[in-house]
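Residue numbers (the working numbering): 107 to 253. Don't be surprised by glycine CBs; every beta carbon is placed ideally from N, CA and C. Here the structure is a predicted model, which is why all the values come from computation and not from measurement. The structure under discussion appears below in the form of structure tokens.
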Amino acid sequence: MKKILKWALPVVILIVIGTALVIYANREEEKLLRGYQTHAAAVAALESGNFKSAYELFLQSSYEFEDPQRKAMATYEAANTGWLGQVADYNTLVGLYQQAIRYRRGYFEASFNLEYLYWLKAHAPEQLPQPEVGPEPGGEELPSGDV
Numbered sequence: 107m108k109k110i111l112k113w114a115l116p117v118v119i120l121i122v123i124g125t126a127l128v129i130y131a132n133r134e135e136e137k138l139l140r141g142y143q144t145h146a147a148a149v150a151a152l153e154s155g156n157f158k159s160a161y162e163l164f165l166q167s168s169y170e171f172e173d174p175q176r177k178a179m180a181t182y183e184a185a186n187t188g189w190l191g192q193v194a195d196y197n198t199l200v201g202l203y204q205q206a207i208r209y210r211r212g213y214f215e216a217s218f219n220l221e222y223l224y225w226l227k228a229h230a231p232e233q234l235p236q237p238e239v240g241p242e243p244g245g246e247e248l249p250s251g252d253v
């Protein structure tokens, strides 16, 4: 019996450790795939011309990615899409470009766009992004109950 325990205990421990590693790897793979899937959906939305959806999906993928380089890329793409599609305002764009630079130091493209936004505000404010304004909360017409 002691011989069996000496042999079986290490095998059981290895099986438990192996199972735990497989579970951990699967969870990490799911997290990684989630970011890529959302990013791919954002690209598809952008290609179809749906800027609002692409903007929201790029933002979501930036939250889902674990890697700072990927977060920076998705944040930068969200800012560009928000600007191009007139979905985001000046302050939001500034914040997004700054966040992209925080994720990836020396991100030239994000720095350039940020500086360009600053320049526009100082020299050509009429060219700043002007997102469409939706209805104000509480401004919608409520049903009266009359039939």
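Inter-residue spacing [alpha-carbon to alpha-carbon] between asparagine 219 and tyrosine 203:
7 Å
What first and last residue would you give for the alpha helix (DSSP H) that runs through tyrosine 209?
Here the alpha helix (DSSP H) through tyrosine 209 covers 196–209.
On the three-pair Cβ rule with 8 Å, is the segment 119–132 touching the segment 151–170?
no
Determine the burial state of alanine 114: buried for a count of at least 16 other Cβ atoms within 10 Å of its Cβ, exposed for fewer.
Exposed, by the Cβ-count rule.
Cα-Cα separation between phenylalanine 164 and leucine 127, rounded to whole angstroms:
31 Å
Alpha carbon to alpha carbon, how far is glutamate 134 from asparagine 186? Give it in angstroms, no decimals.
29 Å
Report yes if the C-beta distance between tyrosine 161 and alanine 184 is below 8 Å; otherwise report no.
Result yes, Cβ atoms of tyrosine 161 and alanine 184 sit closer than 8 Å.
DSSP three-state assignment for glutamine 166, whether helix, strand or coil:
helix
Does DSSP classify glycine 141 as helix, strand or coil?
helix
Element boundaries [alpha helix (DSSP H), containing asparagine 186]:
First-last of the alpha helix (DSSP H) with asparagine 186: 174–190.
With 16 other Cβ atoms within 10 Å as the buried cut-off, status of tyrosine 222:
exposed
Measuring alpha carbon to alpha carbon, tell me which residue in Ala230, Arg140, Tyr130 is nearest phenylalanine 171.
The residue among Ala230, Arg140, Tyr130 with its C-alpha nearest the C-alpha of phenylalanine 171 is Arg140.
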